[in-house]
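**Q** Next up is a structure, given as structure tokens.
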Amino acid sequence: MKKIINTPNAPAPIGPYNQAILSNGTLYISGQIPLNPNNGELVSGDIKMETKQSMENLKAILTEAEMTFEHVVKSSIFLSDMKQFTEVNEVYASYFNAETAPARETVEVANLPKYVNVEISMIAVK
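Here the sequence shown stands for residues 85 to 210, numbered as in my numbering.
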């Protein structure tokens, strides 16, 4: 049994997927890029702003599923340049309590959708 989670407060899917799937109390959130859901424009030019928009998109999906970042148990961060890790990590960390932060991996990739610099996906449990 799965429930589709979609909100207009995060970017609409641009392919055969949903923003998130809720199954047996676990929320699987698709990777979020720095796309502004209000105007469809990419936030670009500053990795901190890009990361913040990606995190805000994740927050909107969590909210739609009646969850918060405290419910997140696993995150995956994909970067186009690992040299931006410190700045991305600074923004990412501002959304979590350090003592209860989720497990995470961060990997550098050759390209991301729309050639953005950051994409973040999450798994949350209620």
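Just so you know, even glycine gets a beta-carbon here, dropped at the ideal spot from N, CA and C.
Where does MET178 land, buried or exposed, given buried means 16+ other C-beta within 10 angstroms?
**A** The amino acid at residue 178 is misidentified as Met; the sequence shows Ser. Exposed, because fewer than 16 other Cβ atoms sit within 10 Å of the Cβ of SER178.
**Q** Classify THR152: buried if its beta carbon has 16 or more other beta carbons within 10 angstroms, exposed otherwise.
**A** Flag for THR152 reads exposed.
**Q** State the start and end residues of the unbroken alpha helix (DSSP H) segment that holds MET133.
**A** Unbroken alpha helix (DSSP H) run through MET133: 131-148.
**Q** Opposite THR190 in the DSSP bridges: which residues?
**A** For THR190, which the question treats as bridged, DSSP gives the partners ILE161.
**Q** Along the chain, where does the alpha helix (DSSP H) that runs through ALA208 open and close?
**A** No alpha helix (DSSP H) holds ALA208; the beta strand (DSSP E) holding it covers 202-209.
**Q** List the endpoints of the continuous beta strand (DSSP E) containing TYR112.
**A** Counting along the chain, the beta strand (DSSP E) containing TYR112 begins and ends at 110-116.
**Q** Mapping the DSSP letters down to three states, classify VAL127 as helix, strand or coil.
**A** Here VAL127 sits in coil by DSSP.
**Q** Considering ALA211, what are the terminal residues of the beta strand (DSSP E) in which it resides?
**A** There is simply no residue 211 to check, as the chain begins at 85 and stops at 210 in what is shown.
**Q** Using the beta-carbon count (16 or more within 10 Å), is ILE161 buried or exposed?
**A** When all chains shown are included, ILE161 counts as buried.
**Q** Within the continuous alpha helix (DSSP H) that includes PHE169, where are the two ends?
**A** It spans 169-177 - the alpha helix (DSSP H) in which PHE169 sits, taken as one unbroken run.
**Q** Classify SER159: buried if its beta carbon has 16 or more other beta carbons within 10 angstroms, exposed otherwise.
**A** So SER159 ends up on the buried side.
**Q** Identify, in the order they occur along the chain, each residue of the same chain with its Cβ nearer than 6 Å to the Cβ of TYR101, setting aside the five sequence neighbours on each side.
**A** Taken in chain order, the residues that qualify are SER114.
**Q** Just checking, does the region 122-135 make contact with the region 162-173 on the three C-beta pairs under 8 Å criterion?
**A** Contact between the region 122-135 and the region 162-173 is present, because at least three Cβ pairs lie under 8 Å.
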